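At position 8 of the sequence shown the residue is numbered 8 (the UniProt record's numbering), and the sequence of numbers has no breaks. Okay, structure first, notes after.
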Amino acid sequence: FEAAKTACGNVAGLISWTIAMASFFEVNREVLPLKANLAIQQVKLNRAQDELSSAMELLRTKEEEVKQCQDQYDVAMAFKKAVFEDAMKVKNKMDAATALIDGLGGERVR
Numbered sequence: 001f002e003a004a005k006t007a008c009g010n011v012a013g014l015i016s017w018t019i020a021m022a023s024f025f026e027v028n029r030e031v032l033p034l035k036a037n038l039a040i041q042q043v044k045l046n047r048a049q050d051e052l053s054s055a056m057e058l059l060r061t062k063e064e065e066v067k068q069c070q071d072q073y074d075v076a077m078a079f080k081k082a083v084f085e086d087a088m089k090v091k092n093k094m095d096a097a098t099a100l101i102d103g104l105g106g107e108r109v110r
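Next up, the structure:
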């Protein structure tokens, strides 16, 4: 390179360009497959993100359905508890009435 530079400046420029092109070719030979793989992986990523978005939307709707079912369950359990408490009150009154009737059964008729 130095000998060409001293002989003729134009030849030195041509040699410099040739060396740069050889270096570019070597680097580009490694970079091109990487760029192609990047494009493929980008498509896969976009597809996966679309699937994730769909799955997240489905999850949101299912969680909403679960919340509605849980609310219905809570209402039903509260109603069940209230009915059970009322039934226990009635049972206690019936037990007291039965005890009173049994206690009065031994009394004589006046």
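Positions of the beta carbon are idealized from the N, C-alpha and C atoms, including for glycine. Computed from a predicted model, the values in this text were never measured in an experiment.
Shown here, residue 13 sits in a helix according to DSSP, grouped into three states. By the criterion of a C-beta distance shorter than 8 Å, residue 68 is surrounded by no residue of its chain, once the five residues flanking it on both sides are discounted. Shown here, residue 64 sits in a helix according to DSSP, grouped into three states.
Between the alpha carbons of residue 95 and residue 101 lies a distance of about 10 Å.
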